[in-house]
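Have a look at the structure below before the remarks.
There are 2 protein chains.
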Amino acid sequence: MPADKEPLYEQVANETALLIRSGTFRPGDRLPSVRKMSRQKKVSISTVLQAYIKLENRGLIEARPQSGYYVRRQEENESPEPNISSPQQDPCQVSIQELTMMVLRDITNPRLVQLGTALPNPDLLPSSRLARIVISLTRENPSLANTYDLPPGLEPLRVQIAQRLVENGCKVTPNDIVITSGCMEAIDLSLRATCRPGDIVAIESPIYFGMLQSLEALGLQVLEIPTHPRDGISLDALRFAIAHNSIRACMVISNFNNPLGSCIPDENKRQLVALLARHEIPLIENAISSEIHFSEQRPTVCKSYDLRGQVMLCSSFSKDLSPGYRVGWVVPGKAKAEVEWLKYTANIGVAPLPQMAIAQYLKTGGYDHHLRRIRREYAYNVGLMSQAVLHHFPSETRVTRPGGGFVLWVQLPEKVDSLELYKQALESGITLTPGYLFSASLQFRNFIRLNAACWTLDIERAIQTLGRLVDEMARS
Amino acid sequence: MPADKEPLYEQVANETALLIRSGTFRPGDRLPSVRKMSRQKKVSISTVLQAYIKLENRGLIEARPQSGYYVRRQEENESPEPNISSPQQDPCQVSIQELTMMVLRDITNPRLVQLGTALPNPDLLPSSRLARIVISLTRENPSLANTYDLPPGLEPLRVQIAQRLVENGCKVTPNDIVITSGCMEAIDLSLRATCRPGDIVAIESPIYFGMLQSLEALGLQVLEIPTHPRDGISLDALRFAIAHNSIRACMVISNFNNPLGSCIPDENKRQLVALLARHEIPLIENAISSEIHFSEQRPTVCKSYDLRGQVMLCSSFSKDLSPGYRVGWVVPGKAKAEVEWLKYTANIGVAPLPQMAIAQYLKTGGYDHHLRRIRREYAYNVGLMSQAVLHHFPSETRVTRPGGGFVLWVQLPEKVDSLELYKQALESGITLTPGYLFSASLQFRNFIRLNAACWTLDIERAIQTLGRLVDEMARS
Numbered sequence: 029m030p031a032d033k034e035p036l037y038e039q040v041a042n043e044t045a046l047l048i049r050s051g052t053f054r055p056g057d058r059l060p061s062v063r064k065m066s067r068q069k070k071v072s073i074s075t076v077l078q079a080y081i082k083l084e085n086r087g088l089i090e091a092r093p094q095s096g097y098y099v100r101r102q103e104e105n106e107s108p109e110p111n112i113s114s115p116q117q118d119p120c121q122v123s124i125q126e127l128t129m130m131v132l133r134d135i136t137n138p139r140l141v142q143l144g145t146a147l148p149n150p151d152l153l154p155s156s157r158l159a160r161i162v163i164s165l166t167r168e169n170p171s172l173a174n175t176y177d178l179p180p181g182l183e184p185l186r187v188q189i190a191q192r193l194v195e196n197g198c199k200v201t202p203n204d205i206v207i208t209s210g211c212m213e214a215i216d217l218s219l220r221a222t223c224r225p226g227d228i229v230a231i232e233s234p235i236y237f238g239m240l241q242s243l244e245a246l247g248l249q250v251l252e253i254p255t256h257p258r259d260g261i262s263l264d265a266l267r268f269a270i271a272h273n274s275i276r277a278c279m280v281i282s283n284f285n286n287p288l289g290s291c292i293p294d295e296n297k298r299q300l301v302a303l304l305a306r307h308e309i310p311l312i313e314n315a316i317s318s319e320i321h322f323s324e325q326r327p328t329v330c331k332s333y334d335l336r337g338q339v340m341l342c343s344s345f346s347k348d349l350s351p352g353y354r355v356g357w358v359v360p361g362k363a364k365a366e367v368e369w370l371k372y373t374a375n376i377g378v379a380p381l382p383q384m385a386i387a388q389y390l391k392t393g394g395y396d397h398h399l400r401r402i403r404r405e406y407a408y409n410v411g412l413m414s415q416a417v418l419h420h421f422p423s424e425t426r427v428t429r430p431g432g433g434f435v436l437w438v439q440l441p442e443k444v445d446s447l448e449l450y451k452q453a454l455e456s457g458i459t460l461t462p463g464y465l466f467s468a469s470l471q472f473r474n475f476i477r478l479n480a481a482c483w484t485l486d487i488e489r490a491i492q493t494l495g496r497l498v499d500e501m502a503r504s
Numbered sequence: 029m030p031a032d033k034e035p036l037y038e039q040v041a042n043e044t045a046l047l048i049r050s051g052t053f054r055p056g057d058r059l060p061s062v063r064k065m066s067r068q069k070k071v072s073i074s075t076v077l078q079a080y081i082k083l084e085n086r087g088l089i090e091a092r093p094q095s096g097y098y099v100r101r102q103e104e105n106e107s108p109e110p111n112i113s114s115p116q117q118d119p120c121q122v123s124i125q126e127l128t129m130m131v132l133r134d135i136t137n138p139r140l141v142q143l144g145t146a147l148p149n150p151d152l153l154p155s156s157r158l159a160r161i162v163i164s165l166t167r168e169n170p171s172l173a174n175t176y177d178l179p180p181g182l183e184p185l186r187v188q189i190a191q192r193l194v195e196n197g198c199k200v201t202p203n204d205i206v207i208t209s210g211c212m213e214a215i216d217l218s219l220r221a222t223c224r225p226g227d228i229v230a231i232e233s234p235i236y237f238g239m240l241q242s243l244e245a246l247g248l249q250v251l252e253i254p255t256h257p258r259d260g261i262s263l264d265a266l267r268f269a270i271a272h273n274s275i276r277a278c279m280v281i282s283n284f285n286n287p288l289g290s291c292i293p294d295e296n297k298r299q300l301v302a303l304l305a306r307h308e309i310p311l312i313e314n315a316i317s318s319e320i321h322f323s324e325q326r327p328t329v330c331k332s333y334d335l336r337g338q339v340m341l342c343s344s345f346s347k348d349l350s351p352g353y354r355v356g357w358v359v360p361g362k363a364k365a366e367v368e369w370l371k372y373t374a375n376i377g378v379a380p381l382p383q384m385a386i387a388q389y390l391k392t393g394g395y396d397h398h399l400r401r402i403r404r405e406y407a408y409n410v411g412l413m414s415q416a417v418l419h420h421f422p423s424e425t426r427v428t429r430p431g432g433g434f435v436l437w438v439q440l441p442e443k444v445d446s447l448e449l450y451k452q453a454l455e456s457g458i459t460l461t462p463g464y465l466f467s468a469s470l471q472f473r474n475f476i477r478l479n480a481a482c483w484t485l486d487i488e489r490a491i492q493t494l495g496r497l498v499d500e501m502a503r504s
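Those protein sequence lines, which keep their order, are chains H and R.
Per this note's numbering, the first sequence starts with residue 29, numbered consecutively.
Per this note's numbering, the second sequence starts with residue 29, numbered consecutively.
What follows is the structure, encoded as structure tokens:
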């Protein structure tokens, strides 16, 4: 419906929602009084009142007696989170290839409201700055792509990465790092360096479906370990699993598990590394969202507790700088020579230009300033989507309260099948990721993952539509 | 030694060699008479004579009685080629990882004369044109890297590739193509899609060491098939191998095998595809140097004879446009869905910018014109290096006569160990590739591969030095 056909109060509500979304009004801010807004917008007082009530219903603002309307704080979300996962206790083959590829095809469709991929918010990527760097590098040296850049990859980039890791408590030199084509390749090479087909890998559950796809492609079995929505992998369950199975490697998303949003507490990280070291089990640590933490304190990585070179720390710049540059890295510890060689056999090396561009950005581009900004924005958008879900979905719905990253993990009423919801949502022009994809044992039938990186009117409406669909499915 | 300290005749010889190298004097051309040159250069007649004798000794020119000095024709190279290879007849594990990685490390050392890598001649890459495209694409859309480009890869690029393949007799549509990070990834994914660890792959022998490294990394066994230096894989030997072994896949470099330079004749290509089809064995065809053919006729690819989708055609733009863009492709035939999925699990997808740049170059950049130029230049440089080797190396040396590409395969006297030569050459500031790397059964002890992409005075001197080293080793 074009804006001029909308009721007046809807227009005022949407404009105000935009001001909240853009950060003009922050959580806790008082909105202009009804009278003042009526003068500003040149509409009647009752129109403003209707608009405010509308926003209140959406969960964006709240009325405080004798005081006025305020933007809601996300901390006030005290609804229950999803429970700790309870996967089956036997290792199993991963076989969600077809389902995953189907979902991925919809992900590339720009006509859909994209709540499916965990793509970063394009407005929160330093695209122009990176583009300027690419242009100046290419202009200075048009021949920079005239040679192969062999593993371990471009030294200036490894220097920048090492410096940041040292700041985060890791004993790492540039020589300990191998540059990869994104974080997925870092993980894939780490798995190939440590496991053989048929081996069992203990993993957090749920876990990012791309990692499950790597495991499936390599013919590995997984043992899914119960994982708490805030504290990550259960150490007790892992201890039990190690005692009863021959675990070849362990894989976690230590900071802000995708989809859970969990962050393994420092003490647990230390214990996790020590436990695995005792059993000589390598830990493949995906830390791709580590920099996007909502609290002041930057979380540590498991690697910082690693005394024996058994932690393989994997990450990339796909979430905070650019998914399309395909530049990631791994600190493979003891397996460094093997990973370096496997990288060569897989595709020789990473293109020099994007490596140079990111190295220069890290050195001169104000990365820390950029990170401080996107942390605030993602915290805010995640809070808004979380509120909207709680508002529009049936009351049995549970939503995670992630401490970082930008995805939400939503537990729907028992009756709702996420694949059926996926299909219905698609018909309404919306994608989401069905829970099935996040487990080898199909345990998350009634869960969905939502990308909360952006908050727009279209997305707000999409959440409303999803809420209606879920409600209908829960009642039918 | 700086030029002004060189004897005068050496200066004249070097200047004349440069004129030959640059194509000012072409094979068969008559050089200026001794008298004329003496006037031109303002040097004595005996100096010119000494210079011409020097060039004659280098194999660059020849004296014809009563006529003068002429630039030698490469066709006049009638020395024997290496024999057809005779590898062992049992499958074996590949284990040349450490040796290969050692050689690769020296390859990145810019202080060495690089005869080791098969890097293209930087002067024969359209770097400036590609750089301009990169700059304009980035300027037009700074956000083009803000998303993942999922397999099968960028459509406009697949369209360009498909059009060229159709011209070359393949029934291929853009939907049959998967874009990869270079040709090595195309091969690695093809192997992963068709084989499991322990399977036997029949391969040409010798074959590019990168392909052997992929086989080793995937835990595959190889059965090396005798391969003729001009006609490629022996069909009789392959038939015998298939009859006596369970071959899971076959792998060839159909046009201008690296290092052999062989090109499978059309009729053999047809028979090869038919033979493998009868036994339902997929053919992984590396066609990376196909465009760099020295004769007028563009060679066909095995894929053009493929009726059942069993040929997996792999290539890239690393030899003719840019090694550092890391853009290659595969036409996987029946295995397309599997390859597409494996590409996703390996590293999600290829960066959008280099794909767009190459697509635009192919569409508008005068690719065919560029190819015609580099074919001539490579034919010329390969001819010059071949002559120089025959001239400076001991007489038992045999050199291939490649019909395309830009590497030479040199069979040294029996006594010479290529690894020992490698070490001694390194001390003289020269790299080459020892024959060991091109076989899983270490059969090419006394062979080396030389990169003949460039021809400069430094390289000419390096060939002279190598000749001396080989001579000493052959006599000792």
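Each residue gets a CB set at the ideal place from its N, CA and C atoms; glycine is no exception.
Specify the secondary structure class of residue i as computed by DSSP and reduced to three states.
{"i": "T166/R", "result": "helix"}
{"i": "R133/R", "result": "helix"}
{"i": "A502/H", "result": "helix"}
{"i": "Q299/H", "result": "helix"}
{"i": "L153/R", "result": "coil"}
{"i": "A315/H", "result": "coil"}
{"i": "C198/H", "result": "coil"}
{"i": "S361/R", "result": "The displayed chain sequence assigns Gly, not Ser, to residue 361/R. In the structure shown, G361/R sits in a helix (DSSP, three-state: H, G or I)."}
{"i": "E103/R", "result": "No answer about E103/R holds up, because its pLDDT of 49 lies below 50 and its placement is not dependable."}
{"i": "N283/R", "result": "strand"}
{"i": "H321/R", "result": "strand"}
{"i": "A221/R", "result": "helix"}
{"i": "L349/H", "result": "coil"}
{"i": "R67/R", "result": "helix"}
{"i": "H397/H", "result": "helix"}
Please classify residue i: is it buried, with 16 or more other beta-carbons within 10 angstroms of its beta-carbon, or exposed?
{"i": "I487/R", "result": "buried"}
{"i": "E104/H", "result": "Confidence is the limiting factor: at E104/H the pLDDT is only 46, short of 50, which leaves the residue's position unreliable and the question unanswerable from this model."}
{"i": "K199/R", "result": "exposed"}
{"i": "R336/R", "result": "exposed"}
{"i": "S233/R", "result": "buried"}
{"i": "D151/H", "result": "exposed"}
{"i": "I253/R", "result": "buried"}
{"i": "A31/R", "result": "Because the pLDDT at A31/R is just 41, under 50, the model does not fix this residue reliably, and the point stays unresolved."}
{"i": "V194/R", "result": "exposed"}
{"i": "K297/R", "result": "buried"}
{"i": "E168/H", "result": "exposed"}
Quick one, which residues of the region 373-403 of chain R are near chain H if we go by CB-CB under 9 Å, in chain order? T373, A374, N375, I376, G377, V378, A379, P380, L381 and P382
Return the residues of the region 196-214 of chain R that lie within a Cβ-Cβ distance of less than 8 Å from chain H, sorted by chain order. T208, S209, G210, M212 and E213
Which runs of the alpha helix (DSSP H), 4 residues or longer, sit entirely within the region 415-460 of chain H? 446-455
At a Cβ cut of 8 Å, what residues of the region 169-184 of chain H count as close to chain R, listed as they run along the chain? P170, S171, L172, A173, N174, T175, Y176, D177 and L178
Against chain H, which members of the region 146-166 of chain R pass a CB distance test of less than 7 Å? Of all residues in the region 146-166 of chain R, L147, P150, L153, S155, S156, A159, V162, I163 and T166 have a Cβ within less than 7 Å of some Cβ in chain H.
Check whether the region 441-449 of chain H and the region 464-481 of chain H are in contact - that is, three or more C-beta pairs closer than 8 Å. yes
Three or more C-beta pairs closer than 8 Å, one from the region 365-379 of chain R and one from the region 136-145 of chain R: is that the case here? no
Which of the residues in the region 217-245 of chain H, read from start to end, lie with their CB under 8 Å from any CB of chain R? R220, R224, P225, G238, Q241, S242, E244 and A245
Interfacial residues, the region 332-365 of chain R to chain H, with Cβ spacing under 7 Å: Those would be S350, P351, G352, Y353 and R354, in chain order.
Using 8 Å as the cut-off, can you tell me whether the region 397-404 of chain H makes contact with the region 412-419 of chain H, which would need three or more C-beta pairs spanning the two stretches below that distance? no
Is the region 225-240 of chain R in contact with the region 272-290 of chain R, if contact means three or more CB pairs nearer than 8 Å? yes
Any C-beta of chain R within less than 7 Å: which residues of the region 476-504 of chain H qualify? none
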